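K.L.:
To start, I am sharing the structure in question, which I have written as C-alpha cells.
Protein chains: 2
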Amino acid sequence: MDQAASPPAARPARRGRPRKSEQERSENPRHAELLREAARLFRAQGFDATSIRDIAAAAGMQSGSPFYYFESKSALLVAVMRDGMAQAFESQTQTLAALDRRASARQRLQTLIRHHLGVVVGAESHFIPVMLYEWRALTPTQRADILVLKDAYEAAWMPSLERLHRAGELKARPAVARLFIFGALNWAAQWFAPAGPLSLDELTEQALRLFIHPRPTSR
Amino acid sequence: MDQAASPPAARPARRGRPRKSEQERSENPRHAELLREAARLFRAQGFDATSIRDIAAAAGMQSGSPFYYFESKSALLVAVMRDGMAQAFESQTQTLAALDRRASARQRLQTLIRHHLGVVVGAESHFIPVMLYEWRALTPTQRADILVLKDAYEAAWMPSLERLHRAGELKARPAVARLFIFGALNWAAQWFAPAGPLSLDELTEQALRLFIHPRPTSR
DNA sequence: CCTACCGATCGGTAGG
DNA sequence: CCTACCGATCGGTAGG
C-alpha cells in the first residue's frame, strides 16, 4: 500500500510516471494536432458522439494517449472553444485596427460582418458551430471562462451599431440587433456552401442590405 | 431451433408477445407523455446525453418500457421533431388564414414573425431547439422526412418576403433573407427570457425594424 | 407494460 | 506516449 514510495519528485504526479510540465506538453505539435482533430470531429459528429478513441485515432495515437495532453474529454472541448475564440478575437482586433480611422460606421460593420463570416464558414474553422452546439456540455465554470472571450468579441461590434442607430440606419435597438445579427450570421455555418452561387463578399452585402437602412437624405 | 413454432399470428412479432396495433399504441396517453418528456429532456440535455432510462423515469415507467411505444431512441427523436413541425405548420396556416385578405405584406410578415417567436420560445415547445441541435443525429432518410414539413413551413414566408422585396422594403434577396431571418429568430430560443424586459410583441417589433425598411415615400 | 438480462462502448487510469 | 485494463452506462431484447 506504500504507493507513495516513488522516485523523488517535486510534486506528486497524478498518474503514472512524472509528466512533463504543462508548457512542454502544450508546445508539442501533437497537442495542436489533437486540438485540430477534436474540433473537426466535435463539429461533424457532436461532442457526445465523438469518443476519445476517435480523436486519438485521427491523431495517430492509441486510445489512452490524449489524456497525456488533456486532463479530460471535457478539457479538450473547452480548449477547442477557447483557442478558437482567442484567435478570432485577435484577428478581428487586427482587422479593425487596419481600417482607416475615418471609416464610416457602415464600413466598420461591413468589415466586422465579412470577417465574422470568414470565421464562421472557414474550412478549417470549426469552433463556432462547436460553441453553438455544445454550450450545454460545459460546466458553469467553463462557460464563464469562455464567456469572457465571447463578450469581448461581440462588444467590439457595439460602437458601430450604436453609431448606426443614432444615424437612423439601424432601426432596432443595438443590443437586440446584435443578438439577432449574430444568430443570423452564425446560422450561415449550417447552410452556406463555399462552392455555391454566393461568395462571402456577396453574402456580406446581402447581410448589410438586410440589417442596415441607408439614410433617405443620403440618396 | 424451431423458434418459429409460435401461436398463429398474422405477422411475425418482432419481440415478445404480439404487440397491439400501431394505432392503439399511439392513441395511448402514455405515448404522448413519452413524447413530451423526451422533447423536454432532449432540449435540456441533448439527445446523446439523454438516456432511454431518463425518459422512462420521467414518464414513470421502467427502463425498457419506452420500446413498447417506439421502435428505438432514434424514432423517438424523429417523432418529437415531426410532431412539433406538424403542429407548428398547422397553427401557422390557421394564423395566416385568420388575417384580413387585404393585410399588407408587412402585416403578414409581422404575423409570421410573432407566431414563429411564440413557437420558438414557448414554455412547452422544445422541438425547434431540438431540431437545431440534433439534426446531425438523424439518418439521411429521417432528415428528408422532416425536411418536407420544414420546407412547407418556411415556404409560407416567401410570398410576403417577395412582395416586400418588390416594394423596396426588403433590400436583400428574399431567399437569402429567409435564411438569415430564421437564423436570427431561432437563436432567440437561446437568449430570450420570458421574465426579461422584452415582451414577445416588442421582440417582434424589433425584428421587423431590423429587417424591413419602410418606404421613404410612405413617411 | 415489467423483469431480467446481454453485448458493446466509453471515459479514464496504473504503470511503465 | 503505449499496454492493458476497470467500472459504469447504455440501447435494446426475450419472454411474459
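Going down the list, the protein sequences come from chains A and B.
Going by my numbering, the final residue of the first sequence carries number 219, and the count climbs one at a time with no gaps.
Going by my numbering, the final residue of the second sequence carries number 1219, and the count climbs one at a time with no gaps.
Note that the Cβ used here is the ideal one computed from N, Cα and C, for glycine as well.
In this text, all values refer to a predicted model and were calculated from it rather than measured experimentally.
Consider the Cβ of Gln1142 of chain B: report whether some Cβ of chain A lies at a distance smaller than 8 Å.
P.N.:
no
K.L.:
Measuring only the C-alpha atoms, how far is Glu1205 of chain B from Lys1171 of chain B?
P.N.:
18 Å
K.L.:
Against chain A, with Cβ distances strictly below 8 Å, would Asp1201 of chain B count as a contact?
P.N.:
no
K.L.:
Is Pro1140 of chain B near Leu1161 of chain B, with beta carbons less than 8 Å apart?
P.N.:
no
K.L.:
Hey, does His1213 of chain B have any beta-carbon neighbour from chain A nearer than 8 Å?
P.N.:
yes
K.L.:
Can you pull out the residues from the stretch 141-173 of chain A whose beta carbon lies closer than 9 Å to at least one beta carbon of chain B?
P.N.:
Leu170, Lys171, Ala172 and Arg173
K.L.:
According to a CB-to-CB cut-off of less than 9 Å, which residues of the stretch 48-81 of chain A neighbour chain B?
P.N.:
Asp48 and Ala49
K.L.:
Distance check for Met85 of chain A and Ala39 of chain A, CA to CA, integer angstroms please.
P.N.:
Distance between the alpha carbons of Ala39 of chain A and Met85 of chain A: 12 Å.
K.L.:
At the level of alpha carbons, what is the spacing between Gln1003 of chain B and Tyr1068 of chain B?
P.N.:
At Gln1003 of chain B, the pLDDT of 37 sits below 50, so the modelled position is not reliable; the number obtained from the coordinates is stated separately. One C-alpha to the other measures close to 22 Å.
K.L.:
Can you tell me the Cβ-Cβ gap for Ala1167 of chain B and Arg1215 of chain B, rounded? I've got them flagged as a contact below 8 Å.
P.N.:
7 Å
K.L.:
Around the Cβ of Met1081 of chain B, are there at least 16 other Cβ atoms within 10 angstroms (buried) or fewer (exposed)?
P.N.:
Counting Cβ neighbours within 10 Å, Met1081 of chain B comes out buried, since at least 16 surround it.
K.L.:
In whole angstroms, what is the alpha-carbon distance linking Tyr1153 of chain B and Ala1088 of chain B?
P.N.:
8 Å
K.L.:
Is Ala56 of chain A closer than 8 Å to Pro66 of chain A when the C-beta atoms are compared?
P.N.:
Cβ distance < 8 Å, so Pro66 of chain A and Ala56 of chain A count as in contact.
K.L.:
Could you check whether the Cβ of Val130 of chain A sits closer than 8 Å to any Cβ belonging to chain B?
P.N.:
no
K.L.:
Is the distance from the Cβ of Gly118 of chain A to the Cβ of Leu210 of chain A below 8 Å?
P.N.:
The answer is no: Cβ separation not under 8 Å.
K.L.:
Under the assumption that Arg53 of chain A contacts Val130 of chain A (Cβ atoms under 8 Å), give the Cβ distance between them as a whole number of angstroms.
P.N.:
Not really, about 19 Å apart at Cβ, beyond 8 Å.
K.L.:
Determine the DSSP secondary structure at Met61 of chain A, reduced to helix, strand or coil.
P.N.:
coil
K.L.:
With a threshold of 16 other CB atoms inside 10 Å of the CB of Ala1105 of chain B, please say whether the residue is buried or exposed.
P.N.:
Counting other Cβ atoms within 10 Å of its Cβ, Ala1105 of chain B reaches 16 or more and is therefore classed as buried.
K.L.:
Report, in whole angstroms, the separation of the C-beta atoms of Ala1137 of chain B and Leu1041 of chain B, which I expect to be a contact under 8 Å.
P.N.:
Going by Cβ atoms, the distance from Ala1137 of chain B to Leu1041 of chain B rounds to 14 Å, so no, they are not a contact pair.
K.L.:
Would you check if the distance between the CB atom of Leu109 of chain A and the CB atom of Leu164 of chain A is smaller than 8 Å?
P.N.:
yes
K.L.:
Please compile the residues from chain B whose C-beta is within a distance smaller than 8 Å of the C-beta of Arg102 of chain A.
P.N.:
Residues of chain B passing the Cβ test: none, with the nearest at roughly 25 Å.
K.L.:
For a contact defined as C-beta to C-beta under 8 Å, what are the partners of Ala207 of chain A on chain B?
P.N.:
Ala1172 and Phe1180
K.L.:
How far does the alpha helix (DSSP H) with Ile1181 of chain B in it reach, from first residue to last?
P.N.:
Pro1174 to Trp1191
K.L.:
Once the 5 residues before and after Ile212 of chain A are set aside, which same chain residues still bring their CB inside 8 Å of it?
P.N.:
Within the same chain, Ile212 of chain A has close Cβ partners Arg106, Leu109, Leu164, Glu169 and Leu170.
K.L.:
Expressed to the nearest angstrom, what Euclidean distance is found between the alpha-carbon atoms of Asn28 of chain A and Phe70 of chain A?
P.N.:
12 Å
K.L.:
DSSP three-state label for Ala49 of chain A, please.
P.N.:
coil
K.L.:
Can you tell me where the alpha helix (DSSP H) holding Ala1075 of chain B begins and where it ends?
P.N.:
Lys1073 to Ala1097
K.L.:
Between the alpha carbons of Glu1090 of chain B and His1116 of chain B, how many angstroms are there, rounded?
P.N.:
12 Å
K.L.:
Quick one: Cα of Ile181 of chain A to Cα of Asp100 of chain A, how far?
P.N.:
24 Å
K.L.:
From Phe47 of chain A to Ser1026 of chain B, what distance separates their C-alpha atoms?
P.N.:
33 Å
K.L.:
Within 8 Å of any Cβ in chain B, is that where the Cβ of Ala224 of chain A sits?
P.N.:
Outside the shown range of chain A, which is 1 to 219, sits residue 224 of chain A, and nothing can be said about it.
K.L.:
Pull up the CB-CB distance for Thr95 of chain A and Thr111 of chain A, whole angstroms please, since I reckon it's below 8 Å.
P.N.:
6 Å
K.L.:
What residue range is occupied by the uninterrupted alpha helix (DSSP H) comprising Pro1194 of chain B?
P.N.:
From DSSP, Pro1194 of chain B is part of no alpha helix (DSSP H); its letter is neither H nor E.
K.L.:
Output the boundary residues of the alpha helix (DSSP H) element that contains Gly122 of chain A.
P.N.:
Segment: none, Gly122 of chain A is in no alpha helix (DSSP H) and carries neither H nor E.
K.L.:
What residue ranges within the stretch 138-177 of chain A form continuous alpha helix (DSSP H) runs of no fewer than 4 residues, ordered along the chain?
P.N.:
140-155 and 158-166
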